[in-house]
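Under the working numbering, the first residue of the sequence shown carries the number 188, and numbering increases by one thereafter.
Take a look at the structure below.
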Amino acid sequence: HIHREHQLGLKEARKIAFSWAEKAEEKFDMECVYEEGDTEDTLTFTRSGVKGTLLVDAKQFEMKAQLGFLFGAFKDRIESEIGEQLDALLNGKPAKAAGKKAADGEEPKKEKASAKAAPKGAAKTAAKPKKA
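Laid out in structure tokens, this is it:
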């Protein structure tokens with residue numbers, strides 16, 4: 188469990204969370220889905236042995252993750268590294284993934300959402316499901 192308060196407002200907090208998602212995809216091979224809400228956003232991240240959420244609002248970040256058996260032994264180390272990455276983004280250190288373009292060369296689009304997985308390396312927001 189990681190909790191960080193901030194005074195950025197939702198718009199800026201959203202940028203930080205989006206940057207974190209891109210880094211998580213690159214560094215930890217996570218699959219991230221970002222869903223924007225009116226007052227709170229939810230970033231869901233998964234990979235083999237790990238699943239969790241990052242709740243983002245105008246005043247705080249709250250991350251909860253469940254680690255599988257193999258990752259459980261590294262819980263403290265994983266939590267520490269994730270906390271350090273989030274702190275670096277909050278403290279304005281350059282985020283290498285920030286402003287990165289998606290694989291198709293276009294900036295990721297943000298949409299109001301229900302769950303659809305983003306392609307690896309794109310950290311796109313969840314798109315509305317297409318009707319068949």
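Don't be surprised by glycine CBs; every beta carbon is placed ideally from N, CA and C.
As the structure is a prediction and not an experimental result, all values here were calculated from the model.
Quick one: is residue i buried, meaning 16 or more other Cβ sit within 10 Å of its Cβ, or exposed?
i	result
L257	exposed
A260	exposed
K214	exposed
R201	buried
S267	exposed
E212	buried
Taking the beta strand (DSSP E) that residue i belongs to, which residues open and close that run?
i	result
G259	First-last for G259: F256 to G259, but that is the alpha helix (DSSP H), not the beta strand (DSSP E).
L230	E227 to R234
State the beta-bridge partners of residue i as determined by DSSP.
i	result
M250	I189 and L241
E218	T233
In chain order, what residues of the same chain lie with their CB nearer than 8 Å to the CB of residue i, ignoring the 5 residues before and after it?
i	result
M250	H188, I189, H190, G239, T240, L241, L242, I269 and L273
G236	L254, G255, F256, L257 and F258
Apart from the five residues just before and just after residue i, which ones in its own chain have a Cβ nearer than 6 Å to its Cβ?
i	result
I203	L276
Q247	E192
Hey, quick one: how far does the alpha helix (DSSP H) through residue i stretch, first residue to last?
i	result
E268	K262 to L277
For residue i, which residues in the same chain have their Cβ closer than 7 Å to its Cβ, ignoring the five residues on either side in sequence?
i	result
K262	L254
E199	none
Is there a Cβ of chain B sitting closer than 7 Å to that of residue i, yes or no?
i	result
K214	In the displayed structure, chain B is absent; only one protein chain is listed.
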